[in-house]
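Those protein sequences? They're chains A and B, same order as listed.
At position 415 of the first sequence (counting the first as 1) the number is 406 in this note's numbering, and the numbers step up by one without a gap.
At position 418 of the second sequence (counting the first as 1) the number is 409 in this note's numbering, and the numbers step up by one without a gap.
Backbone N, C-alpha and C fix where the C-beta goes; we use that ideal spot for every residue, glycine too.
Here is the structure we will look at.
There are 2 protein chains.
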Amino acid sequence: MALPRLSFCVDIRFMMRRSIGVATDLYELTMAAAYFEQGMTQRAVFELFIRSLPQNRSFLITAGLDQALEYLESLRFTADEIGYLKSHPAFENISGEFFEYLREFRFTGDVWAMAEGTAAFGMEPILRVEAPLIEAQVVETYLLSTITFQTLIATKAARINIAAGGKDIVDFGTRRAHGPEAGLLAARASYIGGCLGTSNVEAGLLFNIPTFGTLAHSFIMSFEAEEEAFRAFLASFPHSATLLVDTYDTINAVEMICEKFGGPESNIAAVRLDSGDLVDLSKRTRALLDAAGMTSTTIFASGDLNEEKIADLLARGAAIDAFGVGTELVTSYDSPALGGVYKLAATEVNGLAVPRMKLSGGKTTYPGAKQVWRLTNQHEEYERDIIALTSESEPDVGGLRPRPLLEPVMKDGRIQGSDSANPLIAARERAKGELARLPKPLLELDCKHGYPVMISSLLEKKRGELSEKLIANRM
Amino acid sequence: MALPRLSFCVDIRFMMRRSIGVATDLYELTMAAAYFEQGMTQRAVFELFIRSLPQNRSFLITAGLDQALEYLESLRFTADEIGYLKSHPAFENISGEFFEYLREFRFTGDVWAMAEGTAAFGMEPILRVEAPLIEAQVVETYLLSTITFQTLIATKAARINIAAGGKDIVDFGTRRAHGPEAGLLAARASYIGGCLGTSNVEAGLLFNIPTFGTLAHSFIMSFEAEEEAFRAFLASFPHSATLLVDTYDTINAVEMICEKFGGPESNIAAVRLDSGDLVDLSKRTRALLDAAGMTSTTIFASGDLNEEKIADLLARGAAIDAFGVGTELVTSYDSPALGGVYKLAATEVNGLAVPRMKLSGGKTTYPGAKQVWRLTNQHEEYERDIIALTSESEPDVGGLRPRPLLEPVMKDGRIQGSDSANPLIAARERAKGELARLPKPLLELDCKHGYPVMISSLLEKKRGELSEKLIANRM
């Protein structure tokens, strides 16, 4: 199924289609102007991380890096955008040189990041930017919205796929997503998180994700009788039709399908249940289909599903082969945002990297450019992570194999090529591998277990020293 | 402040920037193919509504219509999009004529809708489409995602503005929105819902919404001392600076500002508190600023705020003049989706409109094209709504003034001109007027009160008749 699609995976890069210079918060640009006027051209290090895991989550699956890197590579300020800023009252005292600077603006920095599909935890840098201060600053808003949203959805998708225990999940959420683009990005992130595919056709065209569809009630209702509607749809889609059976009465519809379109030669791919008691209806539907010799016709279920409901349906013996999940998946309904932040970790002063941190109540950060080390035990299970300074060598913990999670992905503003022929499928495979290697209790839906993330002793020491210095300075 | 911006409100229409034919669910296009092959060219009526109000909401404020109409007017299928569909395994039996049809596709229908900024309730059609069946069907997904998301956010914004009791709210949520486009659309919807403006610069450029910014902690941390950072920012932004004061210690920073930059001639527009006990800190900050003669410097607060927290801060006497609200606003965190649906209400058979409905358990719809009547009493308060068939005359309820909420907004696929010079500001004013006319108990944050929405007796009768007929038919 993939090959014919590949020929139409057109060369439209997602981010190229928008003017994106002003897709940011105003303060990024006012700060840029102030840095510019102060002649502050030094390099800086920023790190993007989720402060802590939200309720009902015991791990994250990272996603969104591809769109983040495309943004960095294509970021420009158009004449319209610069004109808007010039006319903005806040910029009335800003010199023309700054606007000339914006006209020539390119992101020229280096980026390290966790590969998409990596398991991540609170406080761990998912992405690190090292670039001239202004460049590193103005990209904050866009990077956060792109990476935290896709990470949010890939994580939710992983939970739903865990609950389905190997049965297929298809993203059906576009209509309930936070706007059309959110639907597209959610389809992508859901695929990374383990879904089989999506109903979103644009995701098929742009990202080569398998796309699926069934039937709407309106189709059935457009015909005088349900049977006519099924007959018409089967005429056009003889091999791939999934017939929706609950428009008037589910069991009546299934009986009619068995009678009129059944038999061992039947081509009907699936029937879809969308309301009612899915355990009872699916069992009765399976029995009717089997009795009519339609053993290869599968049962697809949808209707406000989530991971808890799917786990419950399966535990109660529902005869369901695949699930369509919409609203809950694409909005991460039970936990609809991640506390993503992008914090200054160091600035260059006289050629030296000087660690930076903030002390604000409850929101203190760790200073310096950091790496995240993942330690795997001899059973190929992840045992703990260590956040350390990049200047530290590989941690040496007896019997555990360390692996650095942040890899170079952009150099001097250019995306570094991937080893993989299909990075999106690689990300999906990676996520699957991560779930296999996380400690088993982390996969429980009720999130009673945590994963150990340690801070290296040098990093703790540096934080303590800088904290004391900052407190002393302000006396 | 508005005039200089208007000159840069460029002529980029939001939807024109994307290829949008495939921004839909696959089943819309498979159904279209089946309708096409059956020669079903009759007209149909679809209605978009929210099935019921979600938790913590006792009204909705509609938004997103402008983007929906732009979509309908500009919807096309590009060669790439058609190529993708042709290569899709599901379409293997579909004739070339259907793809020729897509190449020439235009939306040619008529649309009625509630104006943006209208108060709406569960079951009430917000938008009604009358168009050839295929055209009316394929637009379902995009219309739902556009209108339900902006309505979700305009409603949340209205609640937050009610809690702020006239103090200003600025949308700061772009970074936590569900992707960059969601941030932009949330800024627009927040403005309709009563916010003063947004931090999202693109919303300023495209929609002429006032944009605001302060300072990030990273700016302060990029200087050796906080005082230097403030001095640098004030050099570039002498009249509009909002100084962030919690990077190291809030009260220390405020004292320093008073000492170094204070006095009655001080130009500092505002200080921003972003962490800690905002009641205590704001009172102490106000006292320090006043003592330094800085009575016109206002206090801006942010930091994971929502309507309940704002109401609580103000009830406890916080000396805060304006609030920045992010995550909670742009994700509608406590209720992150609306159950928006788009249902077939009638189809044309032999030139007559035949009402349609579905019976699925718990999800029954009302048949026929409908109008929503809002009844206002002599105190200019809304008293109840009546959902009736469009064929019914104006309801005659003693002492109450009826007004139809669905107005013609598109004819033969062309947007009907608005009376207003600035429709977005008109929508914002309309929302404000709606909140003034809703029954007062509906404005309480705890949502213990409902608003009466009645079904006309003719509509109930028609539903009963059709329901009986459908049940009889399937026996």
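Sort the options by Cα distance to residue i and report the nearest one.
i: B/F291; options: B/E425, B/L39 and B/L235; result: B/L235
i: A/R119; options: A/F96, A/G254 and A/A59; result: A/A59
i: B/G330; options: B/T32, B/A35, B/S43 and B/S78; result: B/S43
i: A/T338; options: A/H230, A/E28, A/E126 and A/D57; result: A/E126
i: A/E95; options: A/G12, A/D240 and A/R392; result: A/G12
i: A/Y75; options: B/V270, B/L269, B/A282 and B/A194; result: B/A194
i: B/E246; options: B/W364, B/R394, B/E217 and B/I144; result: B/E217
i: A/K147; options: A/A336, A/H169 and A/V321; result: A/V321
i: A/V510; options: A/G204, A/K334, A/L197 and A/G185; result: One cannot answer for residue 510 of chain A here, as it falls past the ends of chain A, which runs -8 to 466.
i: B/L39; options: B/G113, B/R405, B/A24 and B/Y62; result: B/G113
i: A/L93; options: A/S326, A/L20 and A/L279; result: A/L20
i: B/F82; options: B/A23, B/R97, B/G308 and B/F50; result: B/A23
i: A/D281; options: A/G254, A/F37, A/F163 and A/S384; result: A/G254
With hydrogens ignored, establish whether the beta-carbon of residue i is closer than 7 Å to any heavy atom of the ligand MG.
i: B/L280; result: By its list of ligands, the structure shown contains no ligand whatsoever, and the ligand MG lies outside what it can speak to.
How about residue i: is its C-beta nearer than 8 Å to some C-beta of chain A?
i: B/I52; result: no
i: B/A168; result: yes
i: B/L450; result: no
i: B/G195; result: yes
i: B/L433; result: no
i: B/D281; result: no
i: B/S227; result: yes
i: B/S293; result: no
i: B/Q407; result: no
i: B/M114; result: no
i: B/L17; result: yes
In angstroms, rounded to a whole number, what distance separates the CA positions of residue i and residue j?
i: B/H208; j: A/K349; result: 7 Å
i: A/L264; j: B/E115; result: 26 Å
i: A/A223; j: A/F210; result: 10 Å
i: B/F221; j: B/A178; result: 28 Å
i: B/S213; j: A/V345; result: 10 Å
i: B/P386; j: B/L450; result: 13 Å
i: A/L457; j: A/L124; result: 21 Å
i: A/T355; j: A/P443; result: 20 Å
i: B/C438; j: B/Y182; result: 23 Å
i: B/S227; j: B/A261; result: 15 Å
i: B/P45; j: B/D403; result: 34 Å
i: B/T276; j: B/A232; result: 17 Å
i: A/G455; j: A/M445; result: 16 Å
i: A/F90; j: A/C186; result: 45 Å
If we define contact as Cβ-Cβ less than 8 Å, is residue i a contact residue for chain B?
i: A/T99; result: no
i: A/N258; result: no
i: A/F314; result: no
i: A/T32; result: no
i: A/L206; result: yes
i: A/E339; result: no
i: A/K334; result: yes
i: A/D387; result: no
i: A/L304; result: no
i: A/I242; result: no
i: A/L20; result: yes
i: A/E38; result: no
Looking at residue i: is its Cβ nearer than 8 Å to the Cβ of residue j?
i: A/E425; j: A/A154; result: no
i: A/G390; j: A/Q369; result: yes
i: A/K460; j: A/P358; result: no
i: B/T15; j: B/T132; result: yes
i: A/Y373; j: A/P430; result: yes
i: B/A168; j: B/I52; result: no
i: B/A306; j: B/L436; result: no
i: A/R365; j: A/L396; result: yes
Residue i touches chain C at which residues, Cβ-Cβ below 8 Å?
i: B/M212; result: In the structure shown, chain C does not exist; the protein chains are A and B.
**Request:** Taking a Cβ distance cut-off of 9 Å, strictly less, list which residues of the stretch 124 to 153 of chain A are near chain B, in chain order.
**Result:** L124, A127, Q128, E131, T132, Y133, L134, L135, S136, T137, T139, F140, Q141, L143 and I144
**Request:** Could you list the residues in the stretch 167 to 187 of chain A with a C-beta less than 9 Å from some C-beta on chain B, going in chain order?
**Result:** R167, A168, H169, G170, P171, E172, A173, G174, L175, L176 and A177
**Request:** With 9 Å as the C-beta to C-beta threshold (strictly closer), list the residues of the stretch 261 to 275 of chain A near chain B in chain order.
**Result:** D265, S266, G267 and D268
**Prompt:** Which residues, taken in chain order from the stretch 40 to 73 of chain B, show a beta carbon closer than 8 Å to some beta carbon of chain A?
**Reply:** D71 and E72
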